[in-house]
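Colleague: Take a look at the following structure, please.
Protein chains: 2
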Amino acid sequence: MSAPLGPTRVVVVGADAAGMSAAHQALRTARRTGRELAVTVLDRGAHTSYSACGIPYWMAGEVGSGDDLVARTAEEHRAAGIDLRLGVEVVAADLRGRTLTTGTGEVVGFDELVVATGAPAVVPDWARRDDGSLHGRVGVVKTLDDGAAWLDRFAAAGDDAHVVVVGGGYIGVEVAETALRRGLGVTVITRGRGMSMLEDELSDRVNAALVAAGAELVLGSEVTGLDLDGDTVTGVHWDGGSREADLVVVAIGILPATGFLDGADLPMAANGALRPDPHGRVAEHVWAAGDCCEVRRRLDDQWVYRPLGTYATKHGRALGDSLAGGALAFDGMVDTAITRFSVGEVHLEIARTGLSRADAEAAGHDPVALLTEGTTASGYMPEAEPIAIWVMADRTTRRLLGVQVVGGHGAGKRIDTAAAVLWAGGTVDDLAWMDLSYAPPFATAWEVLQVAARRVAERL
Amino acid sequence: MSAPLGPTRVVVVGADAAGMSAAHQALRTARRTGRELAVTVLDRGAHTSYSACGIPYWMAGEVGSGDDLVARTAEEHRAAGIDLRLGVEVVAADLRGRTLTTGTGEVVGFDELVVATGAPAVVPDWARRDDGSLHGRVGVVKTLDDGAAWLDRFAAAGDDAHVVVVGGGYIGVEVAETALRRGLGVTVITRGRGMSMLEDELSDRVNAALVAAGAELVLGSEVTGLDLDGDTVTGVHWDGGSREADLVVVAIGILPATGFLDGADLPMAANGALRPDPHGRVAEHVWAAGDCCEVRRRLDDQWVYRPLGTYATKHGRALGDSLAGGALAFDGMVDTAITRFSVGEVHLEIARTGLSRADAEAAGHDPVALLTEGTTASGYMPEAEPIAIWVMADRTTRRLLGVQVVGGHGAGKRIDTAAAVLWAGGTVDDLAWMDLSYAPPFATAWEVLQVAARRVAERL
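Keeping their order, the protein sequence lines are chains B and C. Here the first sequence stands for residues 0 to 459, where the numbers follow numbering that gives the first Met the number 0. Here the second sequence stands for residues 0 to 459, where the numbers follow numbering that gives the first Met the number 0.
Shown next, in the form of structure tokens:
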């Protein structure tokens, strides 16, 4: 390859967490390494760098304005020297010829391509009109426009509205919280047992909290269709039942937006997700990060699809740095995640890290797991709230394999300590005996996470 | 040594966290290993297994009763097969002859001695009457009896009382919180700059919070004497000033209760603290754990005096197990601690782990440290509160050396994640890039602890 004349043309497709982290870091690193970069970012939408994770809380009325969710505006990106072009959809790529084609037929050349296209929500056929658009009062929760539409729908539907949430994952639970906090009726319908990223002992507790907060749960059921009044939903049918509904939230997952790469010879999962290395490299001159990618789980060296904002930002940053001659790496993850369900008196913090029992068995481990109940603070303190911690370790190597937590205020972020042990490849004994902080408002003298680990250690 | 006739006589001196953890664990392990143990516990006081750390919260009125602080009663210990003798003070030991002498002249023989005598509060001469007892309305905060006496004193002194707290460490700050929560006037007098276990940038924030909550601070000053009305305190003098006082709390430290071992050839620090190995062994047939001991800091292999309840329980448990033929070990610590200062609108969580800058320099490191400010949750969430995080790493090895945190709700327990990295000997890059949990109510997309680490990593 001959040296390019002029600056290296970096074209980033997608202007959210991964893409903009990559763009900014590339420019920062280039100043250090002396590379000359011309960074262009294309996005089919109208917004940049917003927190999709914050949308349920905006919908709940806790966040003042959608603008609050925008970390950096288009103007701020441009001021940093990025040629940001919004409303530009990339529909095809010629990786050999190093060109992209946009929806309007424009051809954009690149030296380095960064794919950060994210993943739109999956919308089942029953939710769509013939023209592909969604029925009235049916929506997803993915973009700022979705959030704004939901605020309008809530206002129009009134205080007696009943919301059916289809999907029992993180988004499903968060939107159920949103609707319950608004005082609306809520039904959650899910194919599985709800919060399937947790072991049964813990997802049962989340389900109980949903019910305690007034939600109706329909588990193990698939939605089969809607009742419509003209074009607007009035009810939902599932295999085994039906009910009236004023609003329907579809939260059954998202799919990588990599269709424009069809036919390209790139490492890709069955769902279309790319598999970049720790530096974000997918192929020569092609990079990727964020929700359009799988991430490598260090514990069992498996590629898994975990479209989380924190991976997008970290991998994007490593990508931008590496592209500009740096060496930063996003060296995989340990499958950590957190959410909450908090309505009135019901407050549950929900977190996981590491392998599930099924993951561990698939990886050839001999897992020993135990659920431990305790309190988030010394039992005699007013701060003490119940917490349940599931810990799993390998019988032979004693390595910590996974930890899951469901509990009151202060429970959730305890998962980070377990994640740090997993990151280091530590044992359940490390977790049980290491030096964690204790004072009565914060913990028991043996921190409950360590009691949970110790009880497993005693059974190996 | 010939095999003993009958069970091994284990005598534990001290019936609080370390001693009772050791006693119970020894009996548990003995059932597994088939050892025959006769466990006797002697304590000069009237209470067992109480949370000294909880006493300030009991004094504040947050804990209903002193009994709530008792983890296990004397009856429960006896029911577990422990011969518990309260009100028995050990005044001398003959380690060669394997006997103890009590205050009443009784001689108690042992095969294995466990020293878990703790550490009474240091009381300066100015606080004492000629007979050694404390002046009226002057007290320490160490035992359940102390706590009960304070509740009486608070009740007698009335709502307008002014409390002078001598000492600006953990206990000093906690007692200041107690008195302020009770609506009393508070002055804190300390020799140093207050919270000297923190770097200046952070202890300054604690001082500012104390002042914001209405306390008067007298830094860098030593108390020189009291004004007395008859036998009762009415004022406090220090080098540079004086003020009226209705109550005086002495919280300037504690000293290991190892006087009865004077003359024994045991590894002992200048303050009289013992130095047991990870199994609690001090010498043949002599074991120790808890506040009468120093603990080994793994990071620089130094013995330091850190009389904390969590070390007492962990080391006691390892001791009991090892004494009965097990292999559990308390393999040192990384100098983690936490407290809070919470009065009205002022809520600060305060935590540290690892080395101070001075420690690091003494250990030959080339430390790079930086303070980072951020929020405990995504900035747009109502849960977001300010947090300041100090991170220090070694320039050459990039190893994480220390982390300190001062911030709002949820700030404090973040220290555990840093402690886990220190425990594993990880780098500042590990902390910056590892997989910690993110959701808007709990963190920013780059967890603030990781941002703080990343900023240091960028400067190495």
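The beta-carbon is built from N, C-alpha and C at its ideal position, and this holds for glycine as well.
1) Taking only beta-carbon positions, decide if B:Ala-105 is within less than 9 Å of chain C.
2) Quick test of the definition: if touching needs 3 or more C-beta pairs under 8 Å, does the region 158-165 of chain C touch the region 183-202 of chain C?
3) With DSSP run on the structure shown, which of helix, strand or coil describes C:Phe-259?
4) Any Cβ of chain C within less than 9 Å of the Cβ of B:Ile-414?
5) Name the one or two DSSP bridge partners that B:His-161 has.
6) Write down the C-beta distance between B:Val-89 and B:Phe-259 rounded to the nearest angstrom, noting that I regard them as a contact closer than 8 Å.
7) Any idea what DSSP makes of C:Trp-463, helix, strand or coil?
8) Under 8 Å: do the region 417-432 of chain C and the region 425-442 of chain B share three or more Cβ pairs, one atom per stretch?
9) What in chain B is Cβ-close to C:Leu-150, meaning under 7 Å?
10) Look at the alpha carbon of B:Gly-229 and the alpha carbon of B:Ala-156, and state the distance between them as a whole number of angstroms.
11) Are C:Thr-39 and C:Val-9 close, meaning C-beta to C-beta below 9 Å?
12) Going by beta-carbon coordinates alone, are B:Gln-403 and B:Asp-358 separated by less than 9 Å?
13) Using a beta-carbon distance below 9 Å, is C:His-284 in contact with chain B?
14) Helix, strand or coil for C:Trp-57? Go by DSSP, reduced to three states.
15) Taking the beta strand (DSSP E) that B:Glu-215 belongs to, which residues open and close that run?
16) Within 10 Å of its beta-carbon, does C:Val-106 have 16 or more other beta-carbons around it, so buried, or fewer, so exposed?
17) To which residues of the same chain is B:Leu-354 closer than 6 Å at the C-beta, ignoring the five residues directly before and after it?
18) Entirely within the region 298-374 of chain C and at least 4 residues each: give me those alpha helix (DSSP H) ranges in chain order.
19) Three-state secondary structure (DSSP) at C:Arg-192?
20) Starting from C:Ile-81, find everything on chain B with Cβ-Cβ shorter than 8 Å and list it in chain order.
21) Taking B:Arg-339 as the query, report the chain C residues whose CB atoms sit under 9 Å from its CB, ordered along the chain.
22) Within its chain, find whatever has a CB closer than 6 Å to the CB of C:Ala-287; leave out the 5 residues flanking it on each side and keep chain order.
23) Run through DSSP, which three-state label would B:Ala-92 get?
24) Does the CB of B:Glu-200 have a neighbour CB from chain C at under 9 Å?
25) What residues from chain C crowd round B:Pro-381, counting only those whose CB sits closer than 9 Å?
26) If I follow the unbroken beta strand (DSSP E) through B:Arg-414, where does it start and stop?
27) Using alpha carbons as the reference points, say which of C:Pro-381, C:Thr-371, C:Arg-394, C:Asp-393 lies closest to C:Glu-446.
28) Quick one: what's got a C-beta closer than 7 Å to C:Val-345's C-beta in the same chain, skipping five residues either side?
29) Could you tell me which of C:Gly-80, C:Phe-153, C:Ala-154, C:Thr-142 sits nearest to C:Ile-170, measuring between CA atoms?
30) Is there a C-beta anywhere in chain C that falls below 9 Å from the one on B:Thr-352?
31) Identify the continuous alpha helix (DSSP H) that holds B:Thr-32 and give its terminal residues.
32) Hey, B:Ala-376 and B:Pro-439: beta-carbon distance below 9 Å or not?
33) Give the single residue among B:Trp-389, B:Thr-443, B:Arg-394 whose Cα lies nearest to the Cα of B:Asp-203.
34) Quick check on this structure: which residue in C:Ala-126, C:Leu-459, C:Met-433, C:His-278 has the alpha carbon closest to the alpha carbon of C:Gln-449?
35) On the criterion of 16 or more Cβ atoms from any shown chain inside 10 Å, does B:Thr-223 qualify as buried, or is it exposed?
36) For a cutoff of 9 Å on Cβ pairs, would you count C:Arg-8 as touching chain B?
Modeller: So, from the data block:
1) Correcting the residue type first, residue 105 of chain B is Glu in the shown sequence and not Ala. For B:Glu-105, the nearest beta carbon of chain C is not closer than 9 Å to its own beta carbon.
2) Touching, per the Cβ criterion.
3) Note: C:Phe-259 maps to helix in three-state DSSP.
4) Taking Cβ atoms only, chain C reaches closer than 9 Å to B:Ile-414, which makes this a yes.
5) B:Gly-184.
6) Confirmed, about 5 Å.
7) With chain C covering only 0 through 459, there is no way to say anything about residue 463 of chain C.
8) Yes: the two stretches touch, three or more of their Cβ pairs being nearer than 8 Å.
9) When 7 Å is used as the limit between beta carbons, C:Leu-150 is near no residue of chain B, the shortest such separation being about 15 Å.
10) Their Cα atoms are separated by approximately 17 Å.
11) Yes, these two residues count as a Cβ contact at 9 Å.
12) Here B:Gln-403 is not near B:Asp-358, since their CB atoms are 9 Å or more apart.
13) Using beta-carbon distances, C:His-284 does not count as an interface residue toward chain B, since no partner is under 9 Å.
14) Residue state, collapsed to three classes: helix.
15) According to the DSSP assignment, B:Glu-215 belongs to the beta strand (DSSP E) that extends over 215-217.
16) C:Val-106 is exposed by the Cβ-count criterion.
17) Answer for B:Leu-354: Leu-298, Leu-400, Gly-401, listed in chain order.
18) Complete alpha helix (DSSP H) runs here, min 4: 308-322, 356-361.
19) Note: C:Arg-192 maps to coil in three-state DSSP.
20) Under the 8 Å cutoff, chain B gives no residues; its nearest Cβ is about 19 Å from C:Ile-81.
21) In chain order: Ala-438, Pro-440, Phe-441.
22) Val-114, Leu-273, Pro-275, Val-281, listed in sequence order.
23) DSSP places B:Ala-92 in strand when its eight states are reduced to three.
24) B:Glu-200 does not count as touching chain C.
25) What B:Pro-381 touches in chain C: Tyr-56, Glu-61, Val-62.
26) For clarity, residue 414 of chain B is Ile in the given sequence; the question names Arg instead. For B:Ile-414, no beta strand (DSSP E) segment is defined; the enclosing uninterrupted segment is the alpha helix (DSSP H) at 414-422.
27) Among C:Pro-381, C:Thr-371, C:Arg-394, C:Asp-393, the Cα nearest to that of C:Glu-446 belongs to C:Thr-371.
28) Taking C:Val-345 as the centre and dropping the five residues before and after it, the same chain places the C-beta of Ala-208, Ala-211, Ala-212 closer than 7 Å to its C-beta, in chain order.
29) For the options C:Gly-80, C:Phe-153, C:Ala-154, C:Thr-142, the alpha carbon positioned closest to that of C:Ile-170 is the one of C:Thr-142.
30) Closer than 9 Å: yes.
31) Its alpha helix (DSSP H) spans residues 16-32.
32) In this structure, B:Ala-376 places its C-beta atom within 9 Å of the C-beta atom of B:Pro-439.
33) Of the candidates B:Trp-389, B:Thr-443, B:Arg-394, the residue whose Cα lies closest to the Cα of B:Asp-203 is B:Trp-389.
34) Ranking the options by Cα distance to C:Gln-449, first place goes to C:Met-433.
35) Residue environment analysis places B:Thr-223 among the exposed positions, since fewer than 16 neighbouring C-beta atoms fall within 10 angstroms of its C-beta.
36) False, the Cβ-Cβ gap to chain B never drops below 9 Å.
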